[in-house]
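Here the structure is laid out as structure tokens; the discussion comes afterwards.
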Amino acid sequence: MMIPDFSDVPLERHDPKPLVDEVALAEWATRVAAETGHTPNDLARDTPEQISVPALATAADHDELDFLQTWPGAAPYLRGPYPTMYASQPWTVRQYAGYSTAEESNAFYLRNLA
619 MMIPDFSDVP LERHDPKPLV DEVALAEWAT RVAAETGHTP NDLARDTPEQ ISVPALATAA
679 DHDELDFLQT WPGAAPYLRG PYPTMYASQP WTVRQYAGYS TAEESNAFYL RNLA
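Here it is as structure tokens:
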């Protein structure tokens, strides 16, 4: 199997279109209100982690996220510790369990989470 070459794929947005079509967004909000009796903001929900999830997500939602300009394998390591991340190695979950008593395991986790 041949590995595709993605080195020439542009990583930045090059189209001059606005991130959100304000007219279409307003029309959508009007239709939502007509069908549900609620505004889109009323339909936003919180996850169990208390993260607010809007009724509609658009490209503008991530426009100000600064971590999108970081690189895998480079400080501050927000996108992982390896430059190739999981393109060249499988994703793994690692656990430390079953090798000690509950007290020793708790001490291990507290020590390593600090």
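The numbering of the sequence shown is the numbering used here, which starts it at 619 and goes up by one. Don't be surprised by glycine CBs; every beta carbon is placed ideally from N, CA and C. In this text the structure is predicted, and so the values were computed from the model without any measurement.
The alpha helix (DSSP H) enclosing W709, as first and last residue numbers: In the sequence shown, the residue the question calls residue 709 occupies position 91. That residue, W709, is in no alpha helix (DSSP H); it is neither H nor E in DSSP.
Taking the DSSP output, what are the residues bridged to V671? By one-based count along the sequence shown, residue 671 stands at place 53. Answer is R663.
Could you have a look at S718 and say whether DSSP puts it in helix, strand or coil? Within the sequence shown, residue 718 is the residue found at index 100, counting from 1. Coil.
Quick one: any contact between the stretch 698 to 708 and the stretch 673 to 690, if contact means 3 or more CB pairs under 8 Å? yes
Looking only at its chain, what residues have a beta carbon closer than 6 Å to the beta carbon of H656, apart from the 5 residues adjacent to it on each side? Here the question's residue 656 lines up with position 38 in the sequence shown. So no residue of the chain qualifies.
For T648 and P628, what's the separation of their Cα atoms in angstroms? Stepping through the sequence shown from its first residue, residue 648 is reached at position 30. Stepping through the sequence shown from its first residue, residue 628 is reached at position 10. Straight-line Cα distance between these residues: approximately 36 Å.
Which whole-angstrom value is the C-beta distance of A678 and V638, which I expect to be below 8 Å? In the sequence shown, residue 678 corresponds to position 60, counting from 1. In the sequence shown, residue 638 corresponds to position 20, counting from 1. The Cβ separation is near 5 Å, so the contact holds.
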